[in-house]
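Chains E, A, Y, P, B and L, in that order, give the protein sequences.
Going by the working numbering, the residue at position 38 of the first sequence is 169; the numbering climbs one at a time, nothing skipped.
Going by the working numbering, the residue at position 25 of the second sequence is 156; the numbering climbs one at a time, nothing skipped.
Going by the working numbering, the residue at position 3 of the third sequence is 134; the numbering climbs one at a time, nothing skipped.
Going by the working numbering, the residue at position 30 of the fourth sequence is 161; the numbering climbs one at a time, nothing skipped.
Going by the working numbering, the residue at position 101 of the fifth sequence is 232; the numbering climbs one at a time, nothing skipped.
Going by the working numbering, the residue at position 38 of the sixth sequence is 169; the numbering climbs one at a time, nothing skipped.
We put the beta carbon where it would ideally sit given N, CA and C, even for glycine.
There are 6 protein chains.
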Amino acid sequence: MFSVTVRDHMMIAHSFRGDVFGPAQRLHGATYVVDATFSRVELDADNIVVDIGRATEELHAVLGELTYRNLDDEPAFSGMNTSTEALAEVIADRLAEQVHAGAFGDGALELTAIMVTLRESHVASASYERPL
Amino acid sequence: MFSVTVRDHMMIAHSFRGDVFGPAQRLHGATYVVDATFSRVELDADNIVVDIGRATEELHAVLGELTYRNLDDEPAFSGMNTSTEALAEVIADRLAEQVHAGAFGDGALELTAIMVTLRESHVASASYERPL
Amino acid sequence: MFSVTVRDHMMIAHSFRGDVFGPAQRLHGATYVVDATFSRVELDADNIVVDIGRATEELHAVLGELTYRNLDDEPAFSGMNTSTEALAEVIADRLAEQVHAGAFGDGALELTAIMVTLRESHVASASYERPL
Amino acid sequence: MFSVTVRDHMMIAHSFRGDVFGPAQRLHGATYVVDATFSRVELDADNIVVDIGRATEELHAVLGELTYRNLDDEPAFSGMNTSTEALAEVIADRLAEQVHAGAFGDGALELTAIMVTLRESHVASASYERPL
Amino acid sequence: MFSVTVRDHMMIAHSFRGDVFGPAQRLHGATYVVDATFSRVELDADNIVVDIGRATEELHAVLGELTYRNLDDEPAFSGMNTSTEALAEVIADRLAEQVHAGAFGDGALELTAIMVTLRESHVASASYERPL
Amino acid sequence: MFSVTVRDHMMIAHSFRGDVFGPAQRLHGATYVVDATFSRVELDADNIVVDIGRATEELHAVLGELTYRNLDDEPAFSGMNTSTEALAEVIADRLAEQVHAGAFGDGALELTAIMVTLRESHVASASYERPL
């Protein structure tokens, strides 16, 4: 099994609902350093998993719709706790849509899985992995 | 599959028995930077894998029983090489006990696996993963 | 010259005023991983710069007054752009006050400088250094 | 499941063929920080996955045949795009050969898998995992 | 004293002349993760050292003239060992020219120093610092 | 001003005397990831600060006399608290002796300063800087 990982980041504001979140129920924010990992069984005709340049651009485009925003005001997240793990799923699903739409190239249709990891600090992170 | 990872560290002394360990047969020590990863299939009602704050506290409590000690003198490790990989298992098992005892909350009973990674330097680490 | 550095983090929301900030004029947020460095010419009677445990606690206390907040709503920052570099100064000044008030112990009165670095992502950071 | 990871690096020149590579079709180079991860189900009689010292030496030996070279001139890579993911496979396969040849010791014959990750920058990496 | 640091990278091929370089006399390559640090005594009217976005763009432009190249073929480096420390000076000087030319904005004319650090692996780096 | 930094590590046991150290008065241990930084005003005839390969070897030799030991039993440290900052000084002084003895080559006699940083965990480090 082969995989390629690219990294970018986003900086957002949000708040959480639920006693479990303690002081994080207040409006605060986070930098998420985001790793997107693409996997497949065999390399393509160019001997790669996916073009690292294109994967970087696609990840940047997906994060560009989230960064520098207050997620509490985004209709897409209405009534939802935008936890680190939930945001990992959102980003993975949006990347998967782009793979299926051909944005990563025809070779990328052989990708088998995407994993997205969000590092919210030097001591905490969350991941979501899904098939393609 | 979702996961959350929290990080802490411990600083211990120990020695190893066996020719394979070379100079590490002498009493020496290590800082272990410890990552504990908790996994589950679906998020809970709060949209999380596990409360990061509580997971951080539980990891800190488990490491608190090991740090600032000479493991050669600890009855729990009598006659055992406290290798990096063996300590990863000890920590994962103790965290699993706490999950089963309810210390991570009722939602955490849906956790499916724990992985513990100990980084002993910038060039070496070891992990142990187990189901829950 | 000796120095000791301790690390912690905070997660805040804020917005900026000024065309130079582009999309960061919108309400967004950041995780700041904060390094506080304390310097002195000679070590104290215990052979240390400052107690790492106490420095960690004092940094945590200073960050505790900022984390999980929207800085736009904090009276202390009224009318001020809470840029990474400006926050580094705020934290350094608050730590300096605590040093002068004796919170780091009598030995810490020999400290000569504090530097605070805030890492806002894997690709950007800012620092402020001041004498004591 | 237990694993041990050791890290080293290599510094090579190469070029790629194929429009997908854009400016990387020119002769350029890379530092690859290489992580080799060895896995097994149970620890050996010494309570380890594999001797970290020996694994470090074997990884260093494998990388020693690649580093400080122009891979375009190496017969082993004739007509092949030496992408990050393809080099991960080469290194994993050479390590696997050494495991099977007994270079890691008799206990290492119980290893079940090798994963090799090459970090080509602070924002991109690739991995290959194979059974043993 | 305040400072801001931005990070990017470049991937180049080169070789060295001189016995001291051993195997690095062969054509090989490197990824340099590059940190550029800009310093000044007081913050500007926007409460910043320099616009992080603009500094990031300018660093990217300077590295864009070096990356994906064989430095042995670049006229600018004819007869010169392009060591890590020498490249740090080249990049710092080119950034200084851009500051003086106004590319960082008028406020940046108050910058007092630039430091450039090139990390060539996880175990080696070099820096050059100069006044402005 | 130019500088070059090389990294290695050591793993030691020790204990501290003094109430300020709390639980660290017990025998425990640490991994120190050690950065040694060498500075000079102008590059040498080979266009370098110091040969990175030789600096790496010399740092490894100095750490080789400390690693895998209980520092409480070392005559060199009798009656001394081997704090992180004190060990930084020991290592810097031993490297300085080697520079003066010519172990880094004749060009290295132009070095002006050494700084040694010991990272004891992901959240704490200490440094010592001295002229040459």
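Check your understanding: For the beta strand (DSSP E) that residue 251(L) lies in, which residues bound it at each end?
Key -> First-last of the beta strand (DSSP E) with residue 251(L): 244 to 252.
Point to revise | Those runs of the alpha helix (DSSP H) which lie wholly inside the stretch 176 to 249 of chain Y and span at least 4 residues | key: 183 to 195, 215 to 231
Check your understanding: So, helix, strand or coil for residue 149(B), using DSSP?
Key -> coil
**Study point:** Extent of the continuous beta strand (DSSP E) to which residue 260(Y) belongs
**Key:** 255 to 262
**Study point:** 8 Å Cβ cut-off: residues of chain E touching residue 154(Y)
**Key:** 198, 199
Exercise for review: Could you confirm whether any beta carbon from chain Y is found closer than 8 Å to the beta carbon of residue 235(B)?
Suggested key: So no, residue 235(B) is outside the interface.
Check your understanding: Which residues in the same chain as residue 180(P) place their Cβ atom closer than 8 Å to its Cβ, once the five residues preceding and following it in sequence are excluded?
Key -> Cβ within range, chain order: 133, 134, 135, 169, 170, 171, 174, 242.
Practice item. Can you pull the chain B residues whose beta carbon is under 7 Å from the beta carbon of residue 276(P), in chain order? Key: There is no way to answer for residue 276(P), as the model of chain P reaches only from 132 to 263.
Check your understanding: residue 137(Y): which of 167(Y), 153(Y), 154(Y), 232(Y) sits nearest, CA to CA?
Key -> 167(Y)
**Study point:** Interface residues of chain B facing residue 134(L) [CB-CB closer than 7 Å]
**Key:** 257, 258
Practice item. Closer than 6 Å by C-beta to residue 259(E): which residues in its own chain qualify, once you throw out the five before and the five after it? Chain order, please. Key: 219, 220, 223, 247
Review point. Which bits of chain P does residue 211(A) rub up against, with CB to CB less than 9 Å?
Key: Those within 9 Å of residue 211(A) in chain P are 178.
Point to revise | Contact list for residue 183(L) against chain B, beta-carbon separation under 7 Å | key: 255
Practice item. Using alpha carbons as the reference points, say which of 262(Y), 256(Y), 263(Y), 261(Y) lies closest to residue 186(B). Key: 256(Y)
Practice item. Take residue 176(P) and list the residues in its own chain whose beta-carbon comes closer than 8 Å to its own, dropping the five residues that flank it on each side. Key: 238
Exercise for review: Just the C-alpha distance for residue 182(A) and residue 157(E), rounded to the nearest angstrom, thanks.
Suggested key: 16 Å
Exercise for review: Since I believe residue 163(E) is in contact with residue 225(E) (beta carbons under 8 Å), could you give me their beta-carbon distance rounded to a whole number of angstroms?
Suggested key: Approximately 14 Å separates the beta-carbon atoms of residue 225(E) and residue 163(E); this is outside 8 Å, ruling out the contact.
Exercise for review: State the start and end residues of the unbroken beta strand (DSSP E) segment that holds residue 264(E).
Suggested key: Residue 264(E) is absent from the structure shown; chain E starts at 132 and stops at 263.
Practice item. Measure how close the beta-carbons of residue 201(Y) and residue 145(E) come, nearest whole angstrom, since I'm counting them as under 8 Å. Key: Between residue 145(E) and residue 201(Y) the Cβ distance is about 11 Å, and since that is not below 8 Å, they are no contact.
Practice item. Could you confirm whether any beta carbon from chain E is found closer than 8 Å to the beta carbon of residue 151(P)? Key: yes
Check your understanding: Which chain P residues are close to residue 157(E), counting only those with a beta carbon under 7 Å from its beta carbon?
Key -> Using a Cβ-Cβ cut-off of 7 Å, residue 157(E) is close to nothing in chain P; its nearest Cβ partner there is about 32 Å away.
Practice item. Examine chain E for any beta-carbon lying closer than 8 Å to the beta-carbon of residue 214(P), and answer yes or no. Key: The beta carbon of residue 214(P) falls within 8 Å of a beta carbon belonging to chain E, placing the residue at that interface.
Practice item. Mark residue 189(L) as exposed unless 16 or more other C-beta atoms lie within 10 angstroms of its C-beta, in which case mark it buried. Key: buried
Point to revise | is_contact[residue 138(L), chain B] using C-beta, thresh 8 Å | key: Chain B contact via Cβ: present.
Check your understanding: So which of 229(A), 210(A), 209(A), 212(A) has the shortest CA-CA distance to residue 194(A)?
Key -> 229(A)
Practice item. Quick one: list the residues of chain L neighbouring residue 217(B), beta-carbon separation under 7 Å, in chain order. Key: 174, 178
Review point. Chain A partners of residue 222(L), CB-CB under 7 Å?
Key: Within chain A, no residue comes near residue 222(L); the closest Cβ sits about 16 Å away, beyond 7 Å.
Practice item. Would you please verify whether the beta carbon of residue 142(L) is less than 8 Å from any beta carbon of chain A? Key: yes
Review point. Between the Cα of residue 199(Y) and the Cα atoms of 151(Y), 245(Y), 261(Y), 161(Y), which residue gives the shortest distance?
Key: 161(Y)
Review point. In terms of DSSP beta bridges, what is residue 144(Y) paired with?
Key: In the DSSP secondary-structure assignment, residue 144(Y) is bridged to 160(Y), 201(Y).
Exercise for review: Could you work out which residue in 236(P), 263(P), 254(P) is closest to residue 151(A) when comparing CA atoms only?
Suggested key: 236(P)
Review point. Would you say residue 153(L) and residue 184(Y) are within 8 Å of each other, going by their C-beta atoms?
Key: Taking 8 Å as the Cβ cut-off, residue 153(L) and residue 184(Y) qualify as a contacting pair.
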